[in-house]
Amino acid sequence: MKTLTVFVILFSLFLGACTQKEVIERPNIVWLTSEDNSKHYMELFDEHGVKTPNIERLADSGVIFTRAFSNTPVCSAARSTLISGCYGPRLATHYHRRVQKVPMPENMKMFPAYLREAGYYTSNNNKEDYNIIKGNDVWDESSSKASWRKRNQGQPFFHVQNTTTTHESKMVYKDKDMNMPDTLTDRNSCFIQPYHPQTEIFKYLNARYRDLIIKMDKEIGVMIDELEEEGLLENTFIFYYGDH
0 MKTLTVFVIL FSLFLGACTQ KEVIERPNIV WLTSEDNSKH YMELFDEHGV KTPNIERLAD
60 SGVIFTRAFS NTPVCSAARS TLISGCYGPR LATHYHRRVQ KVPMPENMKM FPAYLREAGY
120 YTSNNNKEDY NIIKGNDVWD ESSSKASWRK RNQGQPFFHV QNTTTTHESK MVYKDKDMNM
180 PDTLTDRNSC FIQPYHPQTE IFKYLNARYR DLIIKMDKEI GVMIDELEEE GLLENTFIFY
240 YGDH
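For the sequence shown, our numbering begins at 0 and goes up steadily by one.
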């Protein structure tokens, strides 16, 4: 994932300039992450997706990456690439369920550690699931209660907010008679990938997953509103992405 590596280098140079002379107010950074979903379910990227007004709101005043590809497109492997800025095969983090975690390369740190060195408050709420041994210098707090609000007054922050609403586990429903609950999305109108069975259960699962995308978008909206209400929106870079 060269893009992230370049971003880390350029941002480090920017931070260095700011610490030498406080002329530019250092921006906050927020990563809003959803799980196990791809562009196929969002109208912003695909004609067969549903509307996500809050994510679209970010896009209206931001940049959409239409040629972005995951270096290792599965949960822990992708997260390890994102937090380290390194190709998965280079670190041996590209296996989803490893035998053991690997160390960061010598003289390299996870991305948030560099921000902490530059004076940022770093918080993660709350999933990690890295294939890398995490040092004590990465987060000021990583928990279900972690928030940028715990920073010192005037301190810039880097915050990661993870929502599990679209995780594959949410697709499971328990009904011994295989009755499929009602969905907000019309299951008969959902596009099903041609390599999937064109069956009632797949119609249901596609509709259910689009419902979860809509719910996830509302959760993203809550985070955006909180930043706006606290007067932080204009000085915050927000990245939304799926964890894959």
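A virtual CB, placed ideally from N, CA and C, is assigned to each residue, including glycine. These numbers come from a predicted model, not from an experiment.
Same chain, Cβ closer than 7 Å to residue i, neighbours up to 5 away in sequence not counted
i	result
Leu125	At residue 125 the sequence reads Asn, which differs from the Leu that was named. Taken in chain order, the residues that qualify are Ser141, Ser142, Ser143, Ala145, Asn161.
Arg96	none
Val73	His95, His243
Backbone CA spacing between residue i and residue j [nearest angstrom]
i	j	result
Lys149	Glu46	41 Å
Pro88	Ala77	11 Å
Glu107	Ile237	A small fix is needed here, since residue 107 is Met in this sequence, not Glu. Using only the alpha carbons, I get a separation of about 25 Å.
Phe44	Asp128	27 Å
Arg115	Pro193	47 Å
Thr198	Pro180	16 Å
Met170	Ile82	27 Å
Asn130	Pro111	16 Å
Pro104	Ala91	11 Å
Asp242	Cys189	24 Å
Ser33	Trp147	19 Å
Ser247	Asp59	In the structure as shown, the chain begins at 0 and stops at 243. Residue 247 is therefore absent and cannot be evaluated.
Arg25	Gly153	10 Å
Ser168	Asn178	18 Å
Asn151	Gly230	16 Å
Lys100	Gly84	17 Å
Glu42	Ile63	13 Å
Glu228	Val29	15 Å
Proximity below 7 Å, CB of residue i to CB of residue j
i	j	result
Thr65	Asp216	no
Tyr239	Ile54	yes
Pro122	His93	Note on identity: in this sequence residue 122 is Ser, with Pro being the wrong assignment. Not a contact, by the Cβ cut-off of 7 Å.
Thr165	Asn36	yes
Thr182	Asp210	yes
Tyr113	Asp139	no
Leu31	Met222	yes
Ile132	Pro155	no
Ile219	Asn205	no
Exposure label - residue i; buried when at least 16 CB within 10 Å
i	result
Asp174	exposed
Arg186	buried
Val137	buried
Pro196	exposed
Lys38	exposed
Ala67	exposed
Val98	exposed
Ile200	exposed
Ser75	buried
Tyr203	buried
Tyr40	buried
Asn27	buried
Gly118	exposed
Proximal residues to residue i (C-beta, below 6 Å), its chain only, five neighbours per side dropped
i	result
Leu232	Leu226
Ile213	Val49
Tyr86	Asn70
Same chain, Cβ closer than 8 Å to residue i, neighbours up to 5 away in sequence not counted
i	result
Gly61	Ile237
Gly134	Met103, Lys108, Met109, Ala112
* **Whole runs of the alpha helix (DSSP H) within the stretch 151 to 239, excluding any shorter than 4 residues** => 199 to 228
* **Minimum length 4: unbroken alpha helix (DSSP H) runs contained in the stretch 83 to 132** => Correct list: 87 to 90, 110 to 116.
* To do: Tell me the start and end of each unbroken alpha helix (DSSP H) in the stretch 42 to 70 that is at least 4 residues and wholly inside, in chain order.
  => 52 to 59
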